[in-house]
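Respectively, the protein sequence lines represent chains V and X. Numbering of the first sequence is given in our numbering, commencing with residue 1 and proceeding in unit increments. Numbering of the second sequence is given in our numbering, commencing with residue 1001 and proceeding in unit increments. A virtual CB, placed ideally from N, CA and C, is assigned to each residue, including glycine.
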Amino acid sequence: MNQMAIAALKNQYKSFVQSMFDEGVLDNQFSQLQDLQDSSNPNFVDEVITLFCNDAERIITEMNRYLNYQNVDFSKLDSHVHQLKGSSSSIGAHRLKLACVNLRQASYERNKEECVEAFNSIRHEYCLLRSKFQFLMQIERRIVALENNQQ
Amino acid sequence: MAADSEFHVLAVDDSIIDRKLIERLLKTSSFQVTTVDSGSKALEFLGLHEDDGIINTNTPSVSPNNHQWCLQEVEVNLVITDYCMPGMTGYDLLKKIKESSSLKNIPVVIMSSENVPSRISRCLEEGAEEFLLKPVRLSDLNKLRPHMLKTKIKDHQEPEKQDKEEKQQQPQSNNNNRKAMEEGISTEKIRPRLNGITAMV
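Below, the structure is given as structure tokens:
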């Protein structure tokens, strides 16, 4: 019975990741990460996702703070967006990366209104990504639990 | 390949995610890895203190100019560094390594998320062996091994043999080869690669 459950869960995982590719939420870089996971590093993807989310939340909090000042420090804002863009690119978070590009542009133009709009977009994309990642990780953990039961 | 497990790469990146990634990529390629989050920590690890000068050298051989014998526990065969870092950039780190008599023979590879041709040329001119665009892939790391092998061969051969090797590899005059070896950088090699890079860009 466990074998069937594991197979079903793995299929569910695969389909869900595929849907994220189809929606443009993830790009091929995420596949590269999956390829780096093996029996010697069985939690690699999980670990990267966790690191990414913690880092992203830290950066988003900082950006929010900068945007709340009357006089926005655009260069500080830009350096934070740059960081988030880099992380997004490294994990394959495609739409989030694009949202960062928009904020960089608005920041470069020193347009506060557009920055706020772009920032809201970033927050939205991040929340979406995070909830999808959480779902993926739940499936992953159930698979691991079942596989451990078998041993 | 047993030889590969002897290669030790120092990876420098201020991003925790990128450090994790590059570490996994390098380990998957059978390299030993040390990661640090800044250029200054990289220099510390390499035994070069900005204020104090050299206290430890990284090359196993001792040249007549060295005042100190090396007590070096860890040999670094390649430095791979992010370009954009707060404080000391990857370019600054590259410069410091190439300006150091003890470290200049260590191959340096630069990574960047931004494809800026002038940035690429600048790094290659300063002596970087490769410029990799992020996100770095496993296939990119295949370019690293040749640079590390070259350095190992250079370190372990006697001077006469080294001349012969260079002669066989490049149809150039002896004077050019000797000068290139002394500088630790083959300027002749950089130009063709520059062309290669600009063609890709």
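Give a yes or no on whether 8 Å exceeds the smallest Cβ distance from D1018(X) to chain V.
Taking the second sequence and counting its residues from 1, one reaches residue 1018(X) at position 18. Yes, D1018(X) lies at the interface with chain V (some Cβ there is under 8 Å from its Cβ).
Tell me which residue opens and which closes the beta strand (DSSP E) that D1082(X) is part of.
Here residue 1082(X) refers to the residue found at position 82 when the second sequence is read from its first residue. Segment L1078 to D1082, the beta strand (DSSP E) holding D1082(X).
Just to confirm before moving on: does the CB-CB distance between D55(V) and S89(V) stay below 8 Å?
Stepping through the first sequence from its first residue, residue 55(V) is reached at position 55. Stepping through the first sequence from its first residue, residue 89(V) is reached at position 89. Going by C-beta atoms, D55(V) is not nearer than 8 Å to S89(V).
Which residues in chain V sit within 7 Å of S1030(X), going by Cβ to Cβ distance?
As a first step, residue 1030(X) must be located in the second sequence, where it is residue number 30. Within chain V, no residue comes near S1030(X); the closest Cβ sits about 12 Å away, beyond 7 Å.
Have a look at the DSSP bridge pairing and note the partners of L1000(X).
Outside the displayed range of chain X (1001 to 1201) lies residue 1000(X), so it cannot be described from this structure.
Assigned exposure category for G1039(X) - 16 Cβ within 10 Å defines buried
Locating residue 1039(X) in the second sequence gives position 39, counting from the first residue. Under this definition G1039(X) is a buried residue.
Which residue's Cα is closest to the Cα of K97(V): V72(V), E113(V), F74(V) and R123(V)?
Residue mapping note: residue 97(V) aligns to position 97 of the first sequence, counting from 1. Minimum Cα distance to K97(V) is reached at R123(V).
I'd like to know if G24(V) contacts chain X, where contact means its C-beta is closer than 8 Å to some C-beta of that chain.
On the first sequence, residue 24(V) is found 24 positions in, with the first residue counted as 1. No - not a single Cβ of chain X is within 8 Å of the one on G24(V).
Give me the chain X residues within the contact set of N189(V), using Cβ-Cβ distance strictly less than 9 Å, ordered along the chain.
Since the first and last residues shown for chain V are 1 and 151, residue 189(V) lies out of range.
Quick one: what does DSSP say E113(V) is sitting in, helix, strand or coil?
As a working mapping, residue 113(V) is identified with position 113 in the first sequence. If DSSP states are grouped into helix, strand and coil, E113(V) belongs with the helices.
DSSP-derived helix/strand/coil call for Q1168(X):
As a working mapping, residue 1168(X) is identified with position 168 in the second sequence. The pLDDT assigned to Q1168(X) is 48, lower than 50, so where the model puts this residue is not dependable; a value taken from the coordinates is nonetheless given after this. Residue state, collapsed to three classes: helix.
Count the other CB atoms within 10 Å of the CB of E109(V); is the residue buried (16 or more) or exposed (fewer)?
One-based indexing of the first sequence puts residue 109(V) at position 109. Counting the other CB atoms within 10 Å of its CB gives E109(V) a total below 16, which places it among the exposed residues.
Report yes or no: do three or more beta-carbon pairs, one from the stretch 1008 to 1028 of chain X and one from the stretch 1077 to 1095 of chain X, lie closer than 8 Å?
yes
Among S1102(X), L1103(X), S1100(X) and S1121(X), the one whose alpha carbon lies nearest that of I1110(X)
Residue 1110(X) sits at position 110 when you count from the first residue of the second sequence. Checking every option, the nearest Cα to that of I1110(X) belongs to S1121(X).
What residues in its chain sit with their C-beta under 6 Å from that of I49(V), if we drop five residues either side in the sequence?
Here residue 49(V) refers to the residue found at position 49 of the first sequence. Taken in chain order, the residues that qualify are F133.
On the criterion of 16 or more Cβ atoms from any shown chain inside 10 Å, does Y126(V) qualify as buried, or is it exposed?
Here residue 126(V) refers to the residue found at position 126 when the first sequence is read from its first residue. Under this definition Y126(V) is a buried residue.
Anything in the stretch 1128 to 1145 of chain X with a Cβ closer than 7 Å to a Cβ of chain V? List those residues in chain order, please.
K1134, P1135 and R1137
Which residues in the same chain as E147(V) place their Cβ atom closer than 7 Å to its Cβ, once the five residues preceding and following it in sequence are excluded?
Counting from 1 along the first sequence, the entry for residue 147(V) is found at position 147. Correct list, in chain order: I6.
Thinking C-beta only, is F1045(X) closer than 8 Å to V1036(X)?
Translated into the one-based positions of the second sequence, residue 1036(X) becomes position 36. Translated into the one-based positions of the second sequence, residue 1045(X) becomes position 45. Taking 8 Å as the Cβ cut-off, V1036(X) and F1045(X) qualify as a contacting pair.
With contact counted as at least three CB pairs below 8 Å, one residue from each stretch, are the stretch 62 to 69 of chain V and the stretch 111 to 120 of chain V in contact?
yes
Suppose you measure from the CA of R142(V) to the CA of M4(V); what does that come to, to the nearest Å?
Position 142 of the first sequence holds residue 142(V). Position 4 of the first sequence holds residue 4(V). If you take the alpha carbons of R142(V) and M4(V), they lie about 13 Å apart.
Identify the contact partners of S1015(X) in chain V, using a Cβ-Cβ distance below 9 Å as the criterion.
On the second sequence, position 15 is the one that residue 1015(X) refers to. The contacting residues are D55, Q83, G86, S87 and S90.
Three-way DSSP call (helix, strand, coil) for A154(V) in this model
Coverage of chain V is limited to positions 1 through 151, which leaves residue 154(V) absent and any answer about it impossible.
Counting along the chain, where does the beta strand (DSSP E) carrying I1110(X) start and finish?
Reading the second sequence from its first residue, position 110 is the one you call residue 1110(X). Per DSSP, I1110(X) belongs to the beta strand (DSSP E) from V1108 to S1112.
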